[in-house]
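J.:
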Amino acid sequence: MSTTSTTLPTLSTSNKSLSNNPFSTSLPCPPQPCGCPCKRKKRSTSVSSIATEYDASGNAICNDKYIRKIILKNLSSDMKLSKAAIYSELKAKQKNDYMVLCSHSSVSFTSDSTNYCVCGNTDHLCYVFQL
Numbered sequence: 001m002s003t004t005s006t007t008l009p010t011l012s013t014s015n016k017s018l019s020n021n022p023f024s025t026s027l028p029c030p031p032q033p034c035g036c037p038c039k040r041k042k043r044s045t046s047v048s049s050i051a052t053e054y055d056a057s058g059n060a061i062c063n064d065k066y067i068r069k070i071i072l073k074n075l076s077s078d079m080k081l082s083k084a085a086i087y088s089e090l091k092a093k094q095k096n097d098y099m100v101l102c103s104h105s106s107v108s109f110t111s112d113s114t115n116y117c118v119c120g121n122t123d124h125l126c127y128v129f130q131l
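First residue of the sequence shown? That's 1 in full-length UniProt numbering, and the numbers climb one at a time after it.
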């Protein structure tokens, strides 16, 4: 029987053999991880939240008298016509963008709008928010 001997290559750890390797240069350590594990940071914003259409004294919730006048002027017995008329007049007289919503029942919402108004008649309520 004959035996075969195999020699495995060995890695040289001398500085001379590493100097030819382009990946052997000393690199800086990666930056340390931040204190928070990359979660989205919450930004604080002023949020206007309206729970009901009227305040405790029964007045319509509104912080813009101009929007209130337009809503009251364009309210009709038809909810769709009211919504279209309010939106058309706001777009014609203001350069701002608005969202108009009219409903037969109350609507629960949260808004970041700074100018808003909620007014209505016995048939429906209309909500206007400046975007």
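No residue lacks a Cβ here, since even glycine has one placed at the ideal position from N, Cα and C. This structure is a prediction, so every number in the text was calculated from the model and none was measured.
1. List the DSSP bridge partners of residue 171.
2. In this structure, what does DSSP give as the bridge partners for Gln130?
3. For Asn96 and Asn121, what's the separation of their Cα atoms in angstroms?
4. Out of Leu75, Pro28 and Ile67, state which residue places its alpha-carbon closest to the alpha-carbon of Ala92.
5. Considering only residues of the same chain and omitting the five flanking positions on each side of Asp123, which have a CB-CB separation below 6 Å?
T.: This is what the structure gives:
1. There is no way to answer for residue 171, as the model of the chain reaches only from 1 to 131.
2. Counting from 1 along the sequence shown, the entry for residue 130 is found at position 130. Answer is Tyr98.
3. For the purposes of this step, residue 96 is taken as the residue at position 96 of the sequence shown. For the purposes of this step, residue 121 is taken as the residue at position 121 of the sequence shown. The alpha-carbon atoms of Asn96 and Asn121 are separated by roughly 25 Å.
4. Within the sequence shown, numbered from 1, the residue matching residue 92 stands at position 92. The residue with the shortest Cα to Cα distance from Ala92 is Ile67.
5. The residue given as residue 123 occupies position 123 in the sequence shown. Once the five neighbours on either side are set aside, the close Cβ partners of Asp123 are Ser77.
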